[in-house]
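Chains as they are written, first to last, in the numbering used here: chain A, 1 to 451; chain B, 452 to 902. Positions of the beta carbon are idealized from the N, C-alpha and C atoms, including for glycine. I have placed the structure first, in the form of structure tokens, so that the comments after it can refer back to it.
2 protein chains.
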Amino acid sequence: MAPKTSLSGFPEWLPAERLVELHVLDTLRETFELHGFSSIETRAVETVDQLLRKGEIDKEVYGISRLAEDEEAAAVAKEGKLALHFDLTVPFARYVVDNAGHLNFPFRRYQIQKVWRGERPQDGRAREFTQADIDVVGDGTLPFRYDVELALVMIDALSKLPIPEFKLRVNNRKLAEGFYRGIGLTDAPAVLREIDKLEKFGADKVAANLQQNVGATAEQAHAALELASIRTEDGTFVEQVRALGVADELLEEGLSELAEVMAEGVRRAPGKMVADLSIARGLDYYTGTVYETVLVGHEKLGSICSGGRYESLATSGKRTFPGVGLSIGVTRLVSRILGQNLALASRAVPTAVLISLVDEDSWSDAQDVATQLRARGIACEVSASAAKFGKQIKYADKRGIPFVWFSSIEDDGVVTHEVKDIRSGEQVPADPSLWMPPAEDLSVSVSASQA
Amino acid sequence: MAPKTSLSGFPEWLPAERLVELHVLDTLRETFELHGFSSIETRAVETVDQLLRKGEIDKEVYGISRLAEDEEAAAVAKEGKLALHFDLTVPFARYVVDNAGHLNFPFRRYQIQKVWRGERPQDGRAREFTQADIDVVGDGTLPFRYDVELALVMIDALSKLPIPEFKLRVNNRKLAEGFYRGIGLTDAPAVLREIDKLEKFGADKVAANLQQNVGATAEQAHAALELASIRTEDGTFVEQVRALGVADELLEEGLSELAEVMAEGVRRAPGKMVADLSIARGLDYYTGTVYETVLVGHEKLGSICSGGRYESLATSGKRTFPGVGLSIGVTRLVSRILGQNLALASRAVPTAVLISLVDEDSWSDAQDVATQLRARGIACEVSASAAKFGKQIKYADKRGIPFVWFSSIEDDGVVTHEVKDIRSGEQVPADPSLWMPPAEDLSVSVSASQA
């Protein structure tokens with residue numbers, strides 16, 4: 001476990017823990033690139049106006065301002081107050097509008113960056129954390145097929161991580177909204193807000209709230225909860241919804257879309273995808289498919305990967321940019337992996353070989369050996385002083401460096417090299433221009449632990 | 452060139468430009484790891500007290516505060532005012548103290564992160580930029596050898612980047628301070644501050660300032676400028692300094708240290724290292740070796756990689772942690788590479804192959820082909836709709852995707868696959884379980900352009 005951080009809500013990792021995080025980040029990047037997503041980064045700050053456009057989150061936003069007040073006043077007058085981004089969707093939307101003339105639509109991008117939220121320090125939620133987002137954004141239109149594809153890309157990415165079994169839960173806003181309309185409830189966002197609290201409050205409380213806060217009758221509340229109780233790992237949710245006897249055009253559109261997602265889910269990622277008609281997602285801007293992901297056995301951790309379709313990710317004059325995307329909460333995931341020892345790095349440092357020194361004058365020769373090894377991708381470092389060999393070996397042992405290299409000059413001037421595997425104690429002659437460690441020792445690897 | 456950013460001082464790259472930046476970051480990371488440096492990241496924020504401990508930079512610091520004022524007041528009362536870090540050295544020093552019980556000393560780490568400085572928007576300097584730092588920090592003592600090694604690691608890293616020839620300029624604070632003392636100037640920091648302006652003001656102006664501001668005689672000013680005029684690519688600077696006839700113990704120590712750095716520089720990186728006795732470095736905390744790096748022909752860009760030795764990087768009670776390190780200004784370097792087209796990505800997107808659709812029902816089969824290719828590390832994407840082949844090829848062409856894959860079902864039910872290199876127009880039969888693109892098309896590569 002990580003030591004207690006000196007500032008709560010701002011997690012920092014020790015070097016061995018960072019290797020686990022790097023493995024997660026590398027795996028995500030590699031997968032996203034294999035699926036043809038381009039990397040972008042946006043600046044950490046946006047104007048406050050831009051950030052608060054979607055409302056409701058202002059309490060969590062960190063404004064930034066120069067400590068030198070006169071400089072700050074001049075800058076604010078010129079460009080507005082600035083603040084740190086709290087997600088990667090709002091900045092991406094702004095980037096798309098800023099650069100629309102330079103991008104090819106549909107534009108596929110991934111973005112892995114830190115975001116900041118001014119959570120209360122005492123409740124232990126992160127105030128700085130890393131998100132990994134993928135989105136596809138179109139110019140004017142965006143084929144529905146991307147709603148299917150993006151879920152599959154995330155399943156591919158998550159499947160390669162050292163994490164427990166997961167379930168990607170999918171729902172559709174049109175389905176829910178059409179159903180509510182079909183039973184006479186027209187304020188769909190208000191109904192969804194109540195349904196969103198199902199896991200927290202339970203069905204009875206939500207039924208009561210639907211009647212009190214949204215003006216539903218007991219029958220309407222009952223029907224809405226019946227819809228939310230449907231959960232299938234295949235397309236059979238369609239019949240279950242139909243059995244509730246509600247007719248609505250938007251409902252049909254939603255059913256058909258969700259059925260298309262599930263059909264490919266069953267075919268391409270069996271057991272990974274669930275049609276879960278209780279999924280509401282808090283944010284108002286989703287307009288169709290919505291996604292959430294839970295780790296089986298870790299449901300209380302909350303969703304580790306969420307997103308959805310937004311018909312209007314961004315607008316610029318008369319242009320509209322629809323999008324669909326998902327976002328992984330990397331820090332939440334890595335904190336859980338580290339906190340429960342779900343994965344381990346094969347060693348704690350990148351170094352595979354310590355080149356020892358036989359005497360103080362041999363440092364430069366040792367660097368020559370190191371250069372030869374590095375040319376073949378073998379990470380190594382050279383001892384800083386010619387301490388006794390036992391001490392140099394201990395240096396390697398303490399750090400988890402598996403090999404120590406010894407060079408010596410014989411009386412006849414010939415240099416001999418040997419390399420010792422300090423785990424087994426085996427020491428063998430080695431040629432600096434040829435020797436390779438076993439493949440599993442070449443680089444640090446991270447794998448799920450057996451715990 | 453990048454489009455004008457919407458907020459000056461906060462550069463953002465287009466996807467093709469980002470590939471160049473990623474290449475630089477990947478190359479640095481790979482090199483640092485080959486030399487046995489561990490990755491760490493620190494939080495983006497420190498307390499203002501921590502940041503201002505070294506003084507002088509307060510005008511440039513961005514404080515952060517929640518927009519919700521009541522939340523903010525409570526947090527400041529509890530943990531102090533927070534601000535964004537302006538470099539990676541101050542946070543690293545704090546990290547070392549926080550985690551001293553969990554680290555092995557000497558501790559080698561690299562750290563690649565964004566930093567923020569509240570520069571005036573109008574002078575065009577970046578307010579958000581990426582630094583790549585390496586440091587070695589010891590507990591109590593740190594062998595001088597690391598001063599030699601770290602310069603060589605940075606030379607190795609910079610040599611692998613698509614940048615013009617560079618010179619790493621090295622000097623030594625002890626040498627300068629001892630020399631000044633030897634000629635009767637005791638306020639070394641004040642002398643260094645004047646010498647630091649040599650490139651900007653020229654020798655005459657600096658000589659005058661030394662007399663006016665530091666109280667030097669004309670002879671003392673002359674001697675200080677003679678020292679600063681010494682520049683050699685080998686160890687001959689020692690004789691040139693001795694010829695000035697100044698005797699001082701600290702001067703001898705500095706000469707001996709710098710000679711050791713240069714001896715290995717000549718041996719291991721000929722032509723890359725210069726003993727430049729005018730290098731002063733602004734910051735007060737350096738105590739021995741100091742480094743700066745310029746791109747030949749781009750001297751006005753300023754130093755792209757700087758650092759030095761600090762006998763007291765951090766302290767904790769009675770413990771002192773000496774360190775030596777260098778920091779690359781990645782954004783400055785990448786801006787120059789992009790601005791002058793010094794390097795180019797082999798294509799603008801990660802995708803190597805577009806899998807086309809013969810009809811709307813073939814999407815899932817096309818995904819099967821894509822899955823087979825991705826299993827061999829071939830980045831690909833599937834067309835979102837079965838537009839005419841000409842349109843699908845145009846989609847690939849516009850993005851710089853080199854290959855388009857075609858699958859069709861013959862009358863006898865047999866599926867045939869072909870792949871077209873859209874640059875040459877050559878189209879050949881291909882097996883999705885076996886086909887590989889030429890090695891140079893497998894991944895995006897970035898290389899120095901011929902311009």
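Secondary structure of Gly390(A), DSSP reduced to three states: For the purposes of this step, residue 390(A) is taken as residue 390 along the first sequence, with counting starting at 1. Three-state result, Gly390(A): helix.
Test item: CB-CB of Asp156(A) and Ser327(A) under 8 Å: Translated into the one-based positions of the first sequence, residue 156(A) becomes position 156. Translated into the one-based positions of the first sequence, residue 327(A) becomes position 327. It is not a contact, given that the beta carbons lie outside the stated cut-off.
Any chain A beta carbon closer than 8 Å to Glu463(B): For this step, residue 463(B) is matched to residue 12 along the second sequence. It does: the Cβ of Glu463(B) has a partner Cβ on chain A nearer than 8 Å.
Inter-stretch contact at 8 Å, needing at least 3 Cβ pairs: the stretch 181–192 of chain A / the stretch 261–278 of chain A: no
Cβ neighbours of Leu251(A) in the same chain (closer than 7 Å, five flanking residues each side left out): As a working note, residue 251(A) is residue 251 in the first sequence. Around Leu251(A): Leu175, Gly178, Phe179, Gly182.
Contact list for Cys380(A) against chain B, beta-carbon separation under 9 Å: Translated into the one-based positions of the first sequence, residue 380(A) becomes position 380. Those within 9 Å of Cys380(A) in chain B are Leu485, His486, Gly487.
Beta-carbon proximity of Gln562(B) to Phe543(B), cut-off 8 Å: Translated into the one-based positions of the second sequence, residue 562(B) becomes position 111. Translated into the one-based positions of the second sequence, residue 543(B) becomes position 92. Result yes, Cβ atoms of Gln562(B) and Phe543(B) sit closer than 8 Å.
Close Cβ partners of Glu360(A) (< 8 Å) along its chain, the five nearest in sequence each way excluded: Numbered from its first residue, the first sequence carries residue 360(A) at position 360. Result list for Glu360(A): Ser385, Ala386, in chain order.
Near-chain B residues of the stretch 325–353 of chain A (beta-carbon distance less than 7 Å), N- to C-terminal order: Val349, Pro350, Thr351
Under 7 Å (Cβ pairs) to chain A, residues found in the stretch 703–736 of chain B: Glu715, Arg718, Arg719
Neighbourhood of Ala345(A) by C-beta, 7 Å cutoff - its chain only, sequence neighbours within 5 removed: The residue labelled residue 345(A) in the question sits at position 345 within the first sequence. If we look at Ala345(A) and ignore the five residues flanking it on each side, its Cβ neighbours are Ala16, Leu19, Val20, Val444, Val446.
Beta-ladder partner(s) of Leu82(A), from DSSP: Locating residue 82(A) in the first sequence gives position 82, counting from the first residue. For Leu82(A), which the question treats as bridged, DSSP gives the partners Thr47(A), Ile64(A).
7 Å Cβ shell around Tyr938(B) - same chain, five flanking residues per side excluded: What the structure shows of chain B is the stretch from 452 to 902, and residue 938(B) is not part of that stretch, so it cannot be assessed.
Amino acids of chain A, ordered along the chain, whose beta-carbon sits closer than 8 Å to that of Gln843(B): As a working note, residue 843(B) is residue 392 in the second sequence. Ordered by position in chain A, no residue passes the 8 Å Cβ test against Gln843(B), which lies about 13 Å from the chain.
Cβ shell of Ala453(B) (< 8 Å), same chain only, five flanking positions each side left out: Translated into positions along the second sequence, residue 453(B) becomes position 2. Bear in mind that the predicted position of Ala453(B) carries a pLDDT of just 47, short of 50, making it too unreliable to give a figure here.
The stretch 206–222 of chain A in contact with the stretch 294–301 of chain A per 3-pair CB rule at 8 Å: no
Pair within 8 Å by beta-carbon distance, Val24(A) and Leu313(A): Taking the first residue of the first sequence as 1, we reach residue 24(A) at position 24. Taking the first residue of the first sequence as 1, we reach residue 313(A) at position 313. Not in contact: Val24(A) and Leu313(A) (Cβ atoms no closer than 8 Å).
Chain-ordered neighbours of Glu579(B) on chain A, where CB pairs are closer than 8 Å: The count along the second sequence starts at 1 and reaches residue 579(B) at position 128. Chain A residues near Glu579(B): Arg43, Ala44, Val45.
Exposure label - Asp49(A); buried when at least 16 CB within 10 Å: Position 49 of the first sequence, counting from 1, holds the residue named residue 49(A). With fewer than 16 Cβ atoms within 10 Å of its Cβ, Asp49(A) is classed as exposed.
Residue from Lys160(A), Thr232(A), Arg376(A) with nearest C-alpha to Met436(A): Locating residue 436(A) in the first sequence gives position 436, counting from the first residue. Cα-wise, what sits closest to Met436(A) is Arg376(A).
Integer-rounded CB distance, given that Gly288(A) should sit under 8 Å from Arg465(A): The structure shown does not extend to residue 465(A), since chain A is modelled only from 1 to 451, so the question has no answer here.
Every unbroken alpha helix (DSSP H) within the stretch 594–680 of chain B, with a cutoff of 4 residues, ordered by chain: 596–610, 624–633, 639–646, 649–652, 654–665, 669–679
Those residues which DSSP pairs with Asp133(A) across a bridge: Sequence index remark: in the first sequence, residue 133(A) carries index 133 (1-based). Paired residues: Gln111(A), Ser327(A).
Chain-ordered residues of the stretch 510–521 of chain B with a beta carbon less than 9 Å from chain A: Lys510, Glu511, Val512, Tyr513, Gly514, Ile515, Ser516, Arg517, Leu518, Ala519
Three-pair Cβ contact test at 8 Å for the stretch 101–111 of chain A versus the stretch 27–40 of chain A: yes
Amino acids of chain A, ordered along the chain, whose beta-carbon sits closer than 9 Å to that of Lys849(B): On the second sequence, position 398 is the one that residue 849(B) refers to. Neighbours of Lys849(B) on chain A, chain order: Asn104.
Reduced DSSP category for Ala453(B) - H, G, I as helix; E, B as strand; rest coil: The count along the second sequence starts at 1 and reaches residue 453(B) at position 2. For Ala453(B), the predicted structure reports a pLDDT of 47, less than 50, and the residue's modelled location is therefore unreliable. The matter cannot be settled from this model.
Check whether Glu79(A) and Leu593(B) have beta carbons under 8 Å apart: Taking the first residue of the first sequence as position 1, residue 79(A) is located at position 79. Taking the first residue of the second sequence as position 1, residue 593(B) is located at position 142. Contact: no.
Assigned exposure category for Gln367(A) - 16 Cβ within 10 Å defines buried: Within the first sequence, the letter at position 367 stands for residue 367(A). Classification of Gln367(A): buried, given that the 10 Å Cβ count is 16 or more.
Distance CB(Ala348(A))-CB(Ala448(A)) smaller than 8 Å: Your numbering for residue 348(A) matches position 348 in the first sequence. Your numbering for residue 448(A) matches position 448 in the first sequence. Their beta carbons are not under 8 Å apart, which means Ala348(A) does not touch Ala448(A) by this criterion.
Nonlocal neighbours in the same chain, by C-beta distance under 7 Å from Asp685(B), ignoring five residues either side: Mapped onto the second sequence, residue 685(B) falls at position 234. Within the same chain, Asp685(B) has close Cβ partners Met713, Val717.
From Gln340(A), Glu426(A), Lys398(A), residue whose alpha carbon lies closest to that of His553(B): Here residue 553(B) refers to the residue found at position 102 when the second sequence is read from its first residue. It is Lys398(A).
Environment of Arg242(A) [buried if 16+ CB atoms lie within 10 Å]: Here residue 242(A) refers to the residue found at position 242 of the first sequence. With fewer than 16 Cβ atoms within 10 Å of its Cβ, Arg242(A) is classed as exposed.
Secondary structure, alpha helix (DSSP H): runs of 4+ residues fully inside the stretch 238–288 of chain A: 249–268
C-beta neighbour in chain A for Glu530(B), strict 8 Å: Here residue 530(B) corresponds to residue number 79 of the second sequence, with the count starting at 1. Yes, contact with chain A.
Ordered list of beta strand (DSSP E) runs contained in the stretch 386–430 of chain A, each at least 3 residues: 403–409, 415–421, 427–429
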